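In the order they appear, the protein sequences are chains A and B.
In terms of the UniProt record's numbering, the first sequence has 242 at position 242, counting the first letter as 1, and numbering is strictly consecutive.
In terms of the UniProt record's numbering, the second sequence has 31 at position 31, counting the first letter as 1, and numbering is strictly consecutive.
Just so it is clear, CB atoms sit at the ideal spot from N, CA and C, and this is done for glycine as well.
Please read these numbers as outputs of a predicted model, since none were measured by experiment.
Number of protein chains: 2
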Amino acid sequence: MIGEQYLLLPGPTPVPERVVRAMSRPMVNHRGSEFKEILINVTEGIKQVYHTEHQVIIYPASGTGALEAAAVNFISPGDKVLAVSIGVFGDRFATIAREFGAQVEKLDFPWGEPTDPQVLRERLAQDIKQEIKAVLITHNETSTGVFNDLAAIRAAVGEHPALLMVDAVSGLAAVALKMDEWKLDVVVSGSQKAFMIPPGLSFLAFNDRALRIHQENKNHKYYWDVSAGLKYLEKGQNPYTPAISLYYGLEEALKMMLEEGLDNILIRHQNYREMVRAALKEMGLNLLAADGYASPALTSVIAPQGIGGNKIRQYMRERFNIVLAGGQQKLDDVIFRIGHLGYVRELDLLAVLAALEIALLNCGYPIELGKGLKKAQEYISSI
Amino acid sequence: MIGEQYLLLPGPTPVPERVVRAMSRPMVNHRGSEFKEILINVTEGIKQVYHTEHQVIIYPASGTGALEAAAVNFISPGDKVLAVSIGVFGDRFATIAREFGAQVEKLDFPWGEPTDPQVLRERLAQDIKQEIKAVLITHNETSTGVFNDLAAIRAAVGEHPALLMVDAVSGLAAVALKMDEWKLDVVVSGSQKAFMIPPGLSFLAFNDRALRIHQENKNHKYYWDVSAGLKYLEKGQNPYTPAISLYYGLEEALKMMLEEGLDNILIRHQNYREMVRAALKEMGLNLLAADGYASPALTSVIAPQGIGGNKIRQYMRERFNIVLAGGQQKLDDVIFRIGHLGYVRELDLLAVLAALEIALLNCGYPIELGKGLKKAQEYISSI
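Written out as structure tokens, the structure is:
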């Protein structure tokens with residue numbers, strides 16, 4: 001099949017040509033002045049994306065690594081932790097905390113729904129002795145395509161002293177997040193999402209309150225130790241060899257993001273959500289996430305009964321070289337997911353929606369070609 | 001200054017154009033068939049380089065990450081561990097094991113010398129109750145430019161049941177290592193050395209004996225857990241998002257390595273060592289490592305008294321855009337290090353040696369230009 005693959009996953013996302021070219025530069029000494037300049041630049045850039053003036057450590061690791069780093073730096077063995085979960089990645093954060101010795105209490109919400117801040121508020125109100133040391137929460141749940149309203153979550157935590165620790169791996173820059181304004185204590189993110197670079201870097205941001213708790217932390221750590229990270233950052237270095245080519249890409253991607261404007265990027269992703277959802281609804285499809293908390297980064301579609309998500313994905317892949325994500329765990333074959341995250345154009349989504357209508361028709365779903373697509377066109381035409 | 005920088009570090013090493021181009025390919029689904037094929041390919045290729053038929057896990061992390069993985073998968077808290085050290089990286093492996101709860105006994109040798117297998121043999125002979133669970137050792141000590149004879153080390157360990165765990169991050173493929181033949185139980189390596197790709201991937205190989213010990217292991221682990229790694233490897237996946245672009249580079253680099261021939265690569269590096277050492281000796285310089293155990297991957301040069309290594313490095317950098325490594329910790333300014341590892345040509349080394357003579361002369365060291373260089377030319381001419 002001629003032409004490039006359409007990769008519409010909620011990560012890894014397509015990498016812009018500018019970023020690819022930046023990543024092609026020759027290696028430099030990771031203890032030298034060129035790398036120091038890059039490290040300072042990208043650390044400042046990431047802080048802008050996080051809307052924070054606090055600390056950021058960059059790991060040569062994927063997002064799961066920075067989640068582990070959050071657990072081992074800010075949770076001590078035996079600590080009570082309230083892990084809020086609305087899907088696979090909420091569960092993963094809870095599992096990691098438990099593996100490193102936390103007493104984890106899960107607060108689960110049905111898959112496809114966001115966290116109800118009121119339930120969280122009530123649970124924390126019962127913790128009269130303030131034994132809960134941390135609240136873990138997902139910013140954008142990739143497995144369901146639902147985001148949590150972190151400002152409301154912060155309000156629900158209120159004056160409870162638990163650290164608010166956020167997995168923003170797939171959400172940061174695509175879904176609103178203001179670390180300092182919303183008093184988020186620890187925020188994790190990764191490179192292969194809205195940052196538009198290949199996987200292999202992840203980011204751990206934390207404020208002074210978290211840093212003080214880190215200083216008393218009793219978990220074993222070496223690779224993830226933020227004290228070592230901060231010490232070397234002062235010298236413009238990483239404690240061990242950093243993933244240099246990905247830093248080149250990150251520097252260029254941050255430049256692109258700041259050129260586009262962080263607010264514009266959020267609006268762009270909201271528009272993707274709106275056009276995709278309008279089209280899918282018109283096709284008669286049911287969406288897993290209701291309006292109001294559907295993710296701007298991806299859309300989860302409930303596959304028509306008797307067809308299944310995987311058959312549709314296979315058709316899209318074999319006929320059009322379009323890669324969509326499947327459902328995870330209990331949602332396997334129940335849903336398919338369209339990523340509209342990072343370096344994606346309206347044009348790409350129009351093409352994908354057009355192809356999807358064809359796929360549905362040929363998989364035995366009764367549909368009038370062009371009907372859903374027209375809704376997407378109308379939405380684009382209106383903005 | 002026009003032209004490319006000469007990067008002569010013991011990692012990161014120059015990246016071949018073929019590898020750069022491979023890394024520029026678009027992203028794919030890390031849970032899809034394209035990635036599965038790459039993962040199977042590179043895992044097989046790495047096994048060939050290790051000379052092993054056992055297991056290899058690839059981490060999105062730098063070499064230090066895979067050292068941590070070795071510690072948390074194969075050493076339990078409270079285990080007695082004998083950490084042999086001949087420099088900075090031997091110390092680092094010991095520190096990591098201690099951080100994760102091992103009772104570490106150091107067996108130190110002077111910096112610039114290799115491990116004396118007889119001393120190791122005698123220490124293990126004293127361990128009548130066989131309480132030592134693991135022996136940690138460095139393959140190629142990057143801080144001093146000395147390699148350990150792992151076949152002799154294996155013979156010294158003899159029938160003692162301790163796991164033999166090797167940090168081969170900077171040595172693998174440049175210095176002989178036969179994992180299965182030498183019964184090395186755990187071997188760690190990294191991408192930014194003889195593998196010729198940018199930093200960001202590391203490799204952990206282990207045999208069945210190590211796997212059985214892993215299954216009883218009591219350390220906390222998630223990101224580094226080899227059980228999860230093996231389980232997903234069967235599906236052609238990584239437990240979490242892999243660093244896709246670096247895999248592309250690794251696949252191409254392995255192709256190049258197998259085309260050149262693994263034995264030829266070892267000989268090439270030995271020739272680099274011989275030509276560089278012949279030239280430096282003729283310049284009247286003292287070398288930290290004596291003949292017989294000097295690393296084929298890098299050469300540590302004792303800076304002339306009153307000049308210091310850093311002044312020479314600065315001259316090389318500013319006048320010629322040649323980057324050499326400095327001494328680490330107590331060797332700072334005492335030595336400088338010339339990396340001749342990975343994608344380096346004889347031509348590059350001739351140019352660097354010629355420049356070094358000029359640097360030495362201009363830093364106040366009496367030298368006849370061309371004298372040392374001639375020895376390198378003669379060596380090349382003779383092979």
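Beta-bridge pairing of Asp167 of chain A - partner residues as DSSP gives them = If you number the first sequence from 1, residue 167 of chain A lands on position 167. Looking at the DSSP assignment, Asp167 of chain A forms a beta bridge with A:Thr138, A:Val188.
What residues are listed by DSSP as bridge partners for Glu105 of chain B?
-> As a position in the second sequence, residue 105 of chain B is number 105, starting the count at 1. B:Leu82, per the DSSP bridge assignment.
Roughly how many whole angstroms lie between the Cα atoms of Asn238 of chain A and His30 of chain A?
-> Against the first sequence, residue 238 of chain A aligns to sequence position 238. Against the first sequence, residue 30 of chain A aligns to sequence position 30. Straight-line measurement puts the Cα of His30 of chain A at about 8 Å from the Cα of Asn238 of chain A.
For Ile244 of chain B and Pro199 of chain A, believed in contact at Cβ under 8 Å, the rounded distance = Along the first sequence, read from residue 1 onward, the residue named residue 199 of chain A stands at position 199. Along the second sequence, read from residue 1 onward, the residue named residue 244 of chain B stands at position 244. With a Cβ gap of about 6 Å, Pro199 of chain A and Ile244 of chain B count as contacting.
With a threshold of 16 other CB atoms inside 10 Å of the CB of Asn73 of chain A, please say whether the residue is buried or exposed.
-> As a first step, residue 73 of chain A is located in the first sequence; it is residue number 73 there, counting from the start. Per the 10 Å Cβ criterion, buried.
Indicate the three-state DSSP secondary structure (helix, strand or coil) for Arg317 of chain A in the structure shown.
-> Numbered from 1 along the first sequence, position 317 holds the residue referred to as residue 317 of chain A. Collapsing the DSSP output to three states places Arg317 of chain A in a helix.
Bridge partner(s) assigned by DSSP for residue 384 of chain A = Outside the shown range of chain A, which is 1 to 383, sits residue 384 of chain A, and nothing can be said about it.
May I ask you to report which of helix, strand or coil DSSP gives Lys129 of chain B?
-> Your numbering for residue 129 of chain B matches position 129 in the second sequence. Lys129 of chain B falls in the coil class under three-state DSSP.
Under 8 Å by Cβ, that's how I've got Gln192 of chain A and Thr13 of chain A pegged, so tell me the actual separation to the nearest angstrom.
-> Within the first sequence, numbered from 1, the residue matching residue 192 of chain A stands at position 192. Within the first sequence, numbered from 1, the residue matching residue 13 of chain A stands at position 13. Contact flag correct, Cβ pair sits at about 6 Å.
Rounded separation between Glu147 of chain A and Gly65 of chain B - CA only | As a first step, residue 147 of chain A must be located in the first sequence, where it is residue number 147. As a first step, residue 65 of chain B must be located in the second sequence, where it is residue number 65. The displayed chain sequence assigns Phe, not Glu, to residue 147 of chain A. Distance from the CA atom of Phe147 of chain A to the CA atom of Gly65 of chain B, rounded to whole angstroms, is 32 Å.
Just mark Lys133 of chain B as buried or exposed, buried being the case when its beta carbon has 16 or more other beta carbons within 10 Å.
-> Within the second sequence, the letter at position 133 stands for residue 133 of chain B. When all chains shown are included, Lys133 of chain B counts as buried.
Looking only at its own chain, which residues have a Cβ that is under 6 Å from the Cβ of Thr52 of chain B, when we skip the five neighbours before and after it?
-> On the second sequence, position 52 is the one that residue 52 of chain B refers to. The residues are Met179, Asp180, Ala205.
Contacting positions in the stretch 309-321 of chain A - beta carbon closer than 9 Å to chain B | Residues passing the 9 Å Cβ filter: Arg317.
Give the straight-line distance between the Cα atoms of Gln5 of chain B and Val323 of chain B, rounded to the nearest whole angstrom.
-> Here the question's residue 5 of chain B lines up with position 5 in the second sequence. Here the question's residue 323 of chain B lines up with position 323 in the second sequence. Counting only the Cα atoms, Val323 of chain B lies some 7 Å from Gln5 of chain B.
Short-range partners of chain B found in the stretch 222-254 of chain A, where Cβ spacing is below 7 Å | So the close ones are Tyr222, Tyr223, Tyr240, Thr241, Pro242, Ala243, Ile244, Ser245, Leu246.
What residue from B:His214, B:Glu44, B:Gly249, B:Leu7 has the CA that sits closest to Arg337 of chain B's CA?
-> Taking the second sequence and counting its residues from 1, one reaches residue 337 of chain B at position 337. When each option's Cα is compared against that of Arg337 of chain B, the closest is B:Leu7.
Ser245 of chain A - containing alpha helix (DSSP H), residue span | What you label residue 245 of chain A is simply residue 245 of the first sequence in a count that begins at 1. Run containing Ser245 of chain A: 244-260, per the alpha helix (DSSP H) assignment.
Among A:Gly327, A:Glu252, A:Lys235, nearest to Lys36 of chain A - alpha-carbon criterion | By 1-based counting over the first sequence, the position of residue 36 of chain A is 36. Ranking the options by Cα distance to Lys36 of chain A, first place goes to A:Lys235.
With 16 other CB atoms within 10 Å as the buried threshold, where does Pro60 of chain B fall?
-> Taking the first residue of the second sequence as 1, we reach residue 60 of chain B at position 60. Burial call: buried.
Indicate the three-state DSSP secondary structure (helix, strand or coil) for Ala289 of chain B in the structure shown.
-> Stepping through the second sequence from its first residue, residue 289 of chain B is reached at position 289. DSSP places Ala289 of chain B in coil when its eight states are reduced to three.
State yes or no: is the C-beta of Val28 of chain B within less than 9 Å of the C-beta of Ala253 of chain B?
-> Locating residue 28 of chain B in the second sequence gives position 28, where the first residue counts as 1. Locating residue 253 of chain B in the second sequence gives position 253, where the first residue counts as 1. Taking 9 Å as the Cβ cut-off, Val28 of chain B and Ala253 of chain B do not qualify as a contacting pair.
Determine whether the Cβ of Gly190 of chain A lies closer than 9 Å to any Cβ atom of chain B.
-> In the first sequence, counting from the first residue as 1, residue 190 of chain A sits at position 190. Gly190 of chain A counts as touching chain B.
Within-9 Å CB hit, Phe100 of chain A to chain B = As a working note, residue 100 of chain A is residue 100 in the first sequence. Residue-level contact by beta carbon holds for Phe100 of chain A and chain B, with a gap shorter than 9 Å.
Going by other Cβ atoms of all chains shown within 10 Å of its Cβ, with 16 needed for buried, is Asp167 of chain B buried or exposed?
-> To locate residue 167 of chain B, count along the second sequence from 1; it is residue 167. Asp167 of chain B is classed as buried because its beta carbon has at least 16 other beta carbons within 10 Å across all chains shown.
Is DSSP giving Gln48 of chain A helix, strand or coil here?
-> For the purposes of this step, residue 48 of chain A is identified with residue 48 of the first sequence, where counting begins at 1. In the structure shown, Gln48 of chain A sits in a helix (DSSP, three-state: H, G or I).
Around the Cβ of Leu369 of chain A, are there at least 16 other Cβ atoms within 10 angstroms (buried) or fewer (exposed)?
-> As a first step, residue 369 of chain A is located in the first sequence; it is residue number 369 there, counting from the start. With fewer than 16 other Cβ atoms from the protein chains shown falling within 10 Å of its own Cβ, Leu369 of chain A counts as exposed.
Neighbour-count burial assignment, Asp79 of chain A, 16 or more Cβ in a 10 Å radius = Locating residue 79 of chain A in the first sequence gives position 79, where the first residue counts as 1. For Asp79 of chain A, the number of other beta carbons within 10 angstroms of its own is at least 16, and it is reported as buried.
Within this structure, are the beta carbons of Ser170 of chain B and Thr142 of chain B separated by less than 9 Å?
-> On the second sequence, position 170 is the one that residue 170 of chain B refers to. On the second sequence, position 142 is the one that residue 142 of chain B refers to. Yes, they are a contact pair.
Gly372 of chain A in three-state terms, based on DSSP | Here the question's residue 372 of chain A lines up with position 372 in the first sequence. In this structure, Gly372 of chain A counts as helix in the three-state DSSP scheme.
Tyr343 of chain B - DSSP class collapsed to helix/strand/coil | Numbered from its first residue, the second sequence carries residue 343 of chain B at position 343. Note: Tyr343 of chain B maps to coil in three-state DSSP.
CA-to-CA distance, Ala194 of chain B to Val15 of chain B, given in whole angstroms | Translated into positions along the second sequence, residue 15 of chain B becomes position 15. Translated into positions along the second sequence, residue 194 of chain B becomes position 194. Going by the C-alpha atoms only, they are around 10 Å apart.
Backbone secondary structure at Tyr240 of chain A - three-state DSSP | For the purposes of this step, residue 240 of chain A is taken as residue 240 along the first sequence, with counting starting at 1. The DSSP-derived three-state label of Tyr240 of chain A is coil.
For Gly309 of chain A, which residues of its own chain have a beta-carbon under 7 Å away from its beta-carbon, when the five flanking residues on both sides are left out?
-> Taking the first residue of the first sequence as 1, we reach residue 309 of chain A at position 309. Contacts found: Ala303, Gly326, Gly327, Asp333, Val334, Ile335, Phe336.
Give the residues from the stretch 62-77 of chain B that approach chain A closer than 7 Å (Cβ to any Cβ), ordered along the chain.
-> Along the stretch 62-77 of chain B, the positions whose C-beta sits under 7 Å from a C-beta of chain A are Ser62, Gly63, Thr64, Gly65, Glu68, read in chain order.
Check Phe35 of chain B in the structure and name its three-state DSSP category.
-> Sequence index remark: in the second sequence, residue 35 of chain B carries index 35 (1-based). Here Phe35 of chain B carries a helix assignment [DSSP, helix/strand/coil].
Grab me the residues of Asn271 of chain B's own chain with a C-beta within less than 7 Å of its C-beta, minus the 5 sequence neighbours each way, in chain order.
-> The count along the second sequence starts at 1 and reaches residue 271 of chain B at position 271. Around Asn271 of chain B: Ile383.
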